[in-house]
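Trainee:
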Ligand code: GLN
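Numbering (our numbering), first residue to last: 2 to 536.
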C-alpha cells in the first residue's frame, strides 16, 4: 500500500460513548485484513500528560514501553491490537502548546504573531502525521477526545478538516460516534441528538463519512434511512453499536455491521472476504463460555471508579479466559479495611490483589490485606505499591521491625524497608519524572515467576519513585520472602515471592500494561490458576 491513510474518529452528543473501544475494534478488523495499523489519541485538556492527573479524573494512567504516561484508551489499543504504542500515540493540548511556545521562545516564528490557526493547528497536524512518517503503518486511526462543540476540541476538528485537504479524499475518512437514546416513556429511539451533533460538525467544516450510533436497542432500517438522509451519509455507513456484555465482542459486532468494509471503501481500497478473527473469536468464546467462578478481591483506594484499575481488571479477565474460568472482581476500599473487619471483608475470595497507588491514604488497609492473604494462604498478587505493602507487612509481622514503613509515608521509621530511589533524590518536578517505562528484569532460575514466564529475562513497565531497600534483603530471604526478579543494571528488586505459600508474588513493575487478548500476561495467568485451585 502506498500512502499512509488516516481514519479520524470524533464523538458527539455525550462523552463516554466508547470511542476508544470503537477505534480499537476497527483497528482489530483492519489488522485482521493484513493492514499495519496503529491508533492515536488526541486529548483536549491542558495537562501536558495525564501523569499528574488524579485517577478519579480520567481513570488509570497507562504507561507505554517508552515511558510515556498516557490516557487509558491506549491500553485498549494495545490490548485489542497486540501492538506497542509510544509517546507519539497520545498528544494533549498541553503538549501542543508547550511545543509551540518553546518554538516561539526560540524565535522560530521570526517575529510572526503566533495564533491558534495556523500555528496550533499545524502542530496538531504535525503530531498526527508524525506516526505515518516512517512508513511503518498503512492506516492510522486518530481518536479525538471530548465531544464536538466543546471549546477545547475546536483546534483538533479544524486540524483534521485541513488534513483532508492536505492528504486527499482517498487518504482520509471521518467517523462520527453518537448516541441514539431510548425514551422508555414513549418506547422510542431518538435520532435528533445525532442530527444536531452532525450539524455541529458540519458547521466546523466536516461532513462525516461514517456514523456509528451507540444504542441500547436494535436500530431498524427505517431509522437508519432517516439518519442517512438527514446526515447526508450512505445507508450502509450508518453503523449500529449496540450494548454488549463484554467490550471484547465489539470487534465482532463491528464486523457484522461491516465497519471495516465501509471505511476501506472510503479509502478507495477494494475488499474481498472477511478479516481473520479466528483467535479473537476463540478468546470471546472462552470468555463467555466459562462457568466456574473465581472471586478476586482488588484492594485499592480508587475503587469508586472502575476505570482507575482498568488494565488490572482487563488482565484478570484475559487470564480467566485462558484458564477457562469466569473471574469476578470485587473492589474493596482499602480505607475501610481495619484490623477488626479484615476477615469479614476478605473472607470467601480465592485471590487478593493489592493495587498500585501513591500516598498514605488507605495504606494500613492494604497492609492488613496482605497479612490476611499471607496468613490464610490465599493467592496474593501485589503490584507496585502492592509489593511495597507486602514488604512492609513482612517486616512488621515476621521480621519484628514493628515501625517498618516506606519513606513515602513517613521518615520517622528506623526500618525504611521501602526507600526513595537514588536517582529520585534530587527530583522536585512532578510531571514525567518517575522511573517510567520498560526495564529488564532477570528472573531467578526455578522460581515461581520464572516458571510462569518460562523465560530468564523479561521486560516490564514501571511507574514509581520508591524501591525495596536492599540493605534488608538478607533478613527477608532468611525468612522466606525472596527476591526472584532483579534489574540487571541497577540491582533493583523487581519481584519478591514468598516460599511455602500457594502463590504470593509482588512486582515493582506493572504487569497489567502488557496483557493483551492474544497474549495474556503469564503472571496473571499463574495467579488466576492458583486462585482457581484454592480449596
Ligand atoms: N507510590 C509508590 C512509588 O512511587 C508506588 C507507585 C505505584 O504503585 N505505581 O514507588
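Beta carbons: idealized from backbone N, C-alpha and C, even for Gly.
Buried or exposed for residue 407, please, with buried defined as at least 16 other CB atoms from any protein chain shown within 10 angstroms of its CB.
Mentor: Residue 407 is buried by the Cβ-count criterion.
Trainee: Quick check on the DSSP output: the beta strand (DSSP E) that includes residue 125 runs from which residue to which?
Mentor: From DSSP, residue 125 is part of no beta strand (DSSP E) but of the alpha helix (DSSP H) over 122 to 131.
Trainee: Does at least one heavy atom of ligand 1 sit under 7 Å from the Cβ of residue 386?
Mentor: Within the cutoff, so yes.
Trainee: Below 8 Å on the Cβ atoms is my contact criterion, and I expect residue 409 with residue 467 to pass it. Report the Cβ-Cβ distance as a whole number of Å.
Mentor: 5 Å
Trainee: Counting only runs of 3+ residues fully inside the segment 272 to 352, write out the beta strand (DSSP E) ranges in chain order.
Mentor: 294 to 301 and 327 to 334
Trainee: Flag residue 362 as yes when its Cβ comes closer than 7 Å to any non-hydrogen atom of ligand 1, and as no otherwise.
Mentor: no
Trainee: Starting from residue 390, trace the alpha helix (DSSP H) in both directions and tell me its first and last residue.
Mentor: 386 to 398
Trainee: Does the Cβ of residue 359 lie closer than 7 Å to at least one heavy atom of ligand 1?
Mentor: yes
Trainee: Can you give me the start and stop residues for the alpha helix (DSSP H) that residue 36 sits inside?
Mentor: Unbroken run through residue 36: none, as it is neither H nor E.
Trainee: What's the gap between the Cα of residue 315 and the Cα of residue 80?
Mentor: Per the coordinates, the alpha-carbon of residue 315 lies some 9 Å from the alpha-carbon of residue 80.
Trainee: When the Cα of residue 98 is compared with those of 513, 67 and 128, which residue comes out closest?
Mentor: 128
Trainee: Whether or not the segment 187 to 203 and the segment 34 to 50 are in contact is what I'm after, with contact meaning three or more pairs of Cβ atoms, one per stretch, closer than 8 Å; do they touch?
Mentor: Segments in contact, no.
Trainee: Please list, in chain order, all residues of the same chain as residue 194 whose beta carbon is under 6 Å from its beta carbon, the five residues on each side excluded.
Mentor: 14
Trainee: Using three-state DSSP, classify residue 223 as helix, strand or coil.
Mentor: helix
Trainee: Which of the three DSSP states is assigned to residue 517 in this structure?
Mentor: coil
Trainee: Quick one: is the Cβ of residue 1 within less than 7 Å of any heavy atom of ligand 1?
Mentor: In the structure as shown, the chain begins at 2 and stops at 536. Residue 1 is therefore absent and cannot be evaluated.
Trainee: Note down, one range per segment and in chain order, each beta strand (DSSP E) of at least 3 residues found wholly within the segment 465 to 490.
Mentor: 467 to 469 and 482 to 487
Trainee: With a CB to CB cut of under 8 Å and the five nearest residues on each side skipped, what residues in its chain are close to residue 183?
Mentor: Counting only Cβ-Cβ distances below 8 Å, and skipping sequence neighbours, we find 189, 190, 191, 216, 217 and 218.
Trainee: Would residue 426 be called buried (16 or more neighbouring beta carbons within 10 Å of its own) or exposed?
Mentor: exposed
Trainee: Compute the minimum distance between the beta carbon of residue 389 and the heavy atoms of ligand 1, and state whether it is under 7 Å.
Mentor: yes
Trainee: Using only the alpha-carbon positions, how far apart do residue 102 and residue 96 sit?
Mentor: 10 Å
Trainee: Quick check: the segment 279 to 291 against the segment 355 to 370, are there 3 or more CB pairs under 8 Å?
Mentor: No, the segment 279 to 291 is not in contact with the segment 355 to 370.
Trainee: What are the start and end residues of each continuous alpha helix (DSSP H) run of 4 or more residues lying completely inside the segment 439 to 466, in chain order?
Mentor: As far as the segment 439 to 466 is concerned, its whole alpha helix (DSSP H) runs of at least 4 residues are 449 to 454.
Trainee: DSSP three-state label for residue 46, please.
Mentor: Assigned with DSSP and collapsed to three states, residue 46 falls in coil, not helix or strand.
Trainee: Is residue 478 buried or exposed, if buried means 16 or more other CB atoms sit within 10 Å of its CB?
Mentor: exposed
Trainee: Please classify residue 117 as buried or exposed, where buried requires at least 16 neighbouring CB atoms within 10 angstroms.
Mentor: exposed
Trainee: Counting Cβ pairs closer than 8 Å, one from the segment 480 to 499 and one from the segment 439 to 458, do we hit at least three?
Mentor: yes
Trainee: If you draw a straight line from the C-alpha of residue 203 to the C-alpha of residue 64, how long is it?
Mentor: 36 Å
Trainee: Jot down the residue ranges of each uninterrupted beta strand (DSSP E) in the segment 80 to 125, minimum 3 residues, whole runs only, in chain order.
Mentor: 91 to 93
Trainee: Would the beta-carbon of residue 504 fall within 8 Å of that of residue 395?
Mentor: no
Trainee: Any idea what DSSP makes of residue 496, helix, strand or coil?
Mentor: Three-state DSSP puts residue 496 in a strand.
Trainee: Compute the Euclidean distance between the alpha carbons of residue 438 and residue 351, then round it to the nearest angstrom.
Mentor: 31 Å
Trainee: Among 341, 291 and 334, which one has its Cα closest to the Cα of residue 307?
Mentor: 334
Trainee: Please classify residue 57 as buried or exposed, where buried requires at least 16 neighbouring CB atoms within 10 angstroms.
Mentor: exposed
Trainee: Taking buried to mean at least 16 other C-beta atoms within 10 Å of its own C-beta, is residue 4 buried or exposed?
Mentor: exposed
Trainee: Roughly how many angstroms separate the alpha carbons of residue 418 and residue 506, rounded to a whole number?
Mentor: 17 Å
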